[in-house]
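What follows is one structure encoded as structure tokens, with my remarks underneath.
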Amino acid sequence: MSTPAVELRAVSKRFGEVRAVSEVSLSVQKGEFFSLLGPSGCGKSTLLRMIAGLEWPDSGVVCLGSTEMHATPAHLRPVNTVFQSYALFPHMNVETNIAFGLRMKRVPRGVREDRVARAMETVRIVELAGRRPSELSGGQRQRVALARAIVNEPEVLLLDEPLGALDLQLRKQLQVELKSVQRKLGMTFIHVTHDQEEALVLSDRIGLMQAGRLVQVDSAERIYERPRSRFAARFLGACNLVDAVVRARGPGGLQVETSFGLMNAAAAPSLALGEGARCTLAIRPERVEWGLGIEGERGNQFSAVVEERSYTGPRTHIWVRSGAGRFQIALPSHAANRAALGIGEEVLWRVPPESVVILED
Amino acid sequence: MKTRSGTLHGVSVALLGFLYLPIVVVIVYSFNATRHGVAWSGFTLEWYRALLGNDLVLAAVRNTLWLAGASTLISTVLGTLLGCGLDRFRPAGRRWCGRLLQLPMVMPDIVMAVALVILFSLVRRWTGWFQLGMGTMVLAHVTLEIPFVAIVVRSRLAGFDSSLAEAAQDLGASRFQVFWWITFPLILPGILVGALLAFTLSLDDFVLSFFTTGPGASTLPIFIYSSVKRGITPEVNALSAIVIAFSIVAIVILTLLQRRWLR
Numbered sequence: 005m006s007t008p009a010v011e012l013r014a015v016s017k018r019f020g021e022v023r024a025v026s027e028v029s030l031s032v033q034k035g036e037f038f039s040l041l042g043p044s045g046c047g048k049s050t051l052l053r054m055i056a057g058l059e060w061p062d063s064g065v066v067c068l069g070s071t072e073m074h075a076t077p078a079h080l081r082p083v084n085t086v087f088q089s090y091a092l093f094p095h096m097n098v099e100t101n102i103a104f105g106l107r108m109k110r111v112p113r114g115v116r117e118d119r120v121a122r123a124m125e126t127v128r129i130v131e132l133a134g135r136r137p138s139e140l141s142g143g144q145r146q147r148v149a150l151a152r153a154i155v156n157e158p159e160v161l162l163l164d165e166p167l168g169a170l171d172l173q174l175r176k177q178l179q180v181e182l183k184s185v186q187r188k189l190g191m192t193f194i195h196v197t198h199d200q201e202e203a204l205v206l207s208d209r210i211g212l213m214q215a216g217r218l219v220q221v222d223s224a225e226r227i228y229e230r231p232r233s234r235f236a237a238r239f240l241g242a243c244n245l246v247d248a249v250v251r252a253r254g255p256g257g258l259q260v261e262t263s264f265g266l267m268n269a270a271a272a273p274s275l276a277l278g279e280g281a282r283c284t285l286a287i288r289p290e291r292v293e294w295g296l297g298i299e300g301e302r303g304n305q306f307s308a309v310v311e312e313r314s315y316t317g318p319r320t321h322i323w324v325r326s327g328a329g330r331f332q333i334a335l336p337s338h339a340a341n342r343a344a345l346g347i348g349e350e351v352l353w354r355v356p357p358e359s360v361v362i363l364e365d
Numbered sequence: 593m594k595t596r597s598g599t600l601h602g603v604s605v606a607l608l609g610f611l612y613l614p615i616v617v618v619i620v621y622s623f624n625a626t627r628h629g630v631a632w633s634g635f636t637l638e639w640y641r642a643l644l645g646n647d648l649v650l651a652a653v654r655n656t657l658w659l660a661g662a663s664t665l666i667s668t669v670l671g672t673l674l675g676c677g678l679d680r681f682r683p684a685g686r687r688w689c690g691r692l693l694q695l696p697m698v699m700p701d702i703v704m705a706v707a708l709v710i711l712f713s714l715v716r717r718w719t720g721w722f723q724l725g726m727g728t729m730v731l732a733h734v735t736l737e738i739p740f741v742a743i744v745v746r747s748r749l750a751g752f753d754s755s756l757a758e759a760a761q762d763l764g765a766s767r768f769q770v771f772w773w774i775t776f777p778l779i780l781p782g783i784l785v786g787a788l789l790a791f792t793l794s795l796d797d798f799v800l801s802f803f804t805t806g807p808g809a810s811t812l813p814i815f816i817y818s819s820v821k822r823g824i825t826p827e828v829n830a831l832s833a834i835v836i837a838f839s840i841v842a843i844v845i846l847t848l849l850q851r852r853w854l855r
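Quick mapping for you: the protein sequence lines, in order, are chains G and S. 5 is the number of the first residue of the first sequence in the working numbering; add one for each residue after it. 593 is the number of the first residue of the second sequence in the working numbering; add one for each residue after it.
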């Protein structure tokens, strides 16, 4: 593997009594779109600011490329940031805003103008060149902020909740554009967000943060399908968490007992759970199979009573009760309609063993 | 929806009239041909012409402008530094220093004037510096003006979005470049308003000047005061009218600046 674009080794930072970031180690590859995901206050922005040089780590090492940079001030680091508030300079027009970084680096005028023009083309704001930030809409400001950062061709582009201030429609549109800009430029992007869907849509890999720690780093798909902790399972979309006790260990996985019956789970071989150990299962609502036609001998099949259903457009969510547990199931709406299940009816549901995830906590 | 109260409306208009009546009288009488008394005996520009021929008046005007200009320049630079410095303080320190700034503003000028005279004479006794004159007047005016400039600059800085400075730093600007390209242009309106305020304060000031002046350093207010002691002359009326005209210009500029920048 080549030198990572960013490497953090045991980086920590406190603010007074609060441990904002604890012992975070991470490496981000060149050209990767990496997201730091977590609830507000989990330290993800602080981590980003330490990479930018706007915050100093108390301990640990921050490397950009192969150079240690934790003692280098922000203006000398080869990174640029897109701020959540955009932080566009109100006394300069769009073009001067974008040219600012190049002017500080004394890039000759001709080259500067070319690069500014190219950056404006990349984010499609050429016609806004002469406007002041106060004359722009939220989406336009976001593009200007992006152009102002990428025009410097940084080694790493840092994005601090770049779409947080925009409405849903625009956010979705700009997500697509952000991804395509990143692909076109082949630049390393490190992106901070609390929006799990945004992280899933954009990222090659996601680092999930909780209370200052990096709790799981995986591809978007793995982090969703194979959460390692309750926190991870719950933070990324809806998830059923089921308490269970290990009853038997077989070659294909574990047999566990839950409040509504025995269940087979395909466990990773590395998981060291003996007989009688307590554990938590995570089952995604959309992984639950459903229906009256399921054959009995396939196992992992339970009966339940429908307690509630809610229609959300493409999907219909159904809450059922199985024994002592309440369970959420998500079905494509057309399937739910076909099944025409009313509240209070008894149904069968089944979950394939490979869709049962055994959590580590 | 506000309904108009006839009485309140009338009272307000009357009060405004009362405020402006003396000013109107001064201006009108500056065009009166009578030398003594208040009888109107016709329109004349004689007194304005006399002023222009009066070397004492011209010297006083020169002194006043020079004093105002010099003290404004110094107090604007120092007040801006002070305002920027206070902004870096921790919140508690900032609050206390803010109060320390307000004290000289509300303290009667005459107390300040006496204090300065005592201080100057002390220093003079040990070092021989600070002979009363233009120099001491400039110093006195600078002390008067600094808090005003600092407070205006600081309030401008309080509304300053610190992420702008961070963004500039992130884009490769050193500390000095951040100040020069971002902070300074954004607080410039505050600095200019502070400077204009300082300038008008200086033009206006009588007490401090009167106490700290020395031989041959008369300003317009001092000149007017000493002329009036010998009875109000039409020349003084004309002079006052000119000062009023200048004040109006200053106020108009101040308003325009504020409207343009301090939104």
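Glycine included, each C-beta is placed from N, C-alpha and C at the ideal position.
For residue 636 (chain S), the three-state secondary structure derived from DSSP is coil. Residue 49 (chain G) has a beta carbon lying at 8 Å or more from every beta carbon in chain S.
By the Cβ-count criterion, residue 90 (chain G) is buried, with 16 or more other Cβ atoms from all chains shown falling within 10 Å of its own Cβ.
The three-state secondary structure of residue 316 (chain G), taken from DSSP, is coil. According to the DSSP secondary-structure assignment, residue 214 (chain G) is paired through a beta bridge with G:217. When DSSP states are grouped into helix, strand and coil, residue 341 (chain G) belongs to the helix group. When 9 Å is used as the limit between beta carbons, residue 758 (chain S) is near these residues of chain G: 53, 56, 58, 78, 85, 87 and 91, in chain order. With a contact defined as Cβ atoms closer than 8 Å, residue 269 (chain G) and residue 258 (chain G) qualify at about 5 Å. Of all residues in the stretch 108 to 122 of chain G, those with a C-beta nearer than 8 Å to a C-beta of chain S are 108 and 109, reading in chain order. Listed in chain order, the alpha helix (DSSP H) elements of length 4 or more contained wholly in the stretch 126 to 165 of chain G are 142 to 154. Residue 170 (chain G) places its beta carbon less than 8 Å from that of residue 146 (chain G). For residue 787 (chain S), there are no C-beta contacts with chain G under 7 Å, since the nearest C-beta of that chain is about 19 Å from it. Within the stretch 769 to 793 of chain S, contact with chain G at the beta-carbon level (separation under 7 Å) is assigned to 769, 774, 777 and 778.
Residue pairing for residue 206 (chain G): DSSP places it in no beta bridge. A straight line joining the alpha-carbon of residue 27 (chain G) with that of residue 13 (chain G) spans about 8 Å.
Taken in chain order, the complete beta strand (DSSP E) segments of 3 or more residues contained in the stretch 218 to 296 of chain G are 244 to 254, 257 to 262, 265 to 269 and 282 to 287. Looking only at G:70, G:192, G:50 and G:211, the smallest Cα-Cα distance to residue 157 (chain G) is reached by G:192.
In the three-state scheme derived from DSSP, where H, G and I count as helix and E and B as strand, residue 7 (chain G) is classed as coil. The C-alpha of residue 97 (chain G) is placed about 31 Å away from the C-alpha of residue 842 (chain S). Assignment of beta-bridge partners to residue 16 (chain G) by DSSP yields G:63. In the assembly as shown, residue 746 (chain S) is a buried residue. Its beta-carbon has 16 or more other beta-carbons within 10 Å. For residue 765 (chain S), the chain G residues whose C-beta falls within less than 8 Å of its own C-beta are 79, 104 and 108, listed in chain order.
In this chain, the alpha helix (DSSP H) harbouring residue 803 (chain S) covers 799 to 804. Secondary structure within the stretch 52 to 117 of chain G: the beta strand (DSSP E) runs of 3 or more consecutive residues, fully enclosed, are 63 to 68 and 83 to 86 (chain order).
Here residue 193 (chain G) is bridged, per DSSP, to G:37 and G:161. By the Cβ rule, the stretch 726 to 743 of chain S counts as touching the stretch 669 to 683 of chain S, because three or more pairs are nearer than 8 Å. Secondary structure of residue 809 (chain S) (DSSP, three-state): coil. For residue 23 (chain G), the enclosing beta strand (DSSP E) stretches over residues 22 to 32. Interface annotation for the stretch 728 to 758 of chain S against chain G: 753, 755, 756 and 758, criterion Cβ-Cβ distance under 8 Å. For chain S, the residues of the stretch 140 to 161 of chain G that bring a beta carbon within less than 9 Å of one of its beta carbons are 149, 152, 153 and 156, in chain order.
Residue pairing by DSSP places residue 330 (chain G) opposite G:325 in a beta bridge.
What residue 762 (chain S) touches in chain G, judged by beta-carbon distance under 9 Å, is 56, 57, 58, 78, 79, 81, 83, 84, 85, 87, 91, 105, 153 and 162, going in chain order. Closest option to residue 314 (chain G), judged by alpha-carbon separation, among G:335, G:326 and G:327: G:335.
When Cβ pairs closer than 8 Å are counted between the two stretches, the stretch 683 to 691 of chain S is seen not to touch the stretch 807 to 816 of chain S, the count staying below three.
Per the coordinates, the alpha-carbon of residue 824 (chain S) lies some 15 Å from the alpha-carbon of residue 649 (chain S).
Residue 235 (chain G) counts as buried, since at least 16 other C-beta atoms from the protein chains shown sit within 10 angstroms of its C-beta.
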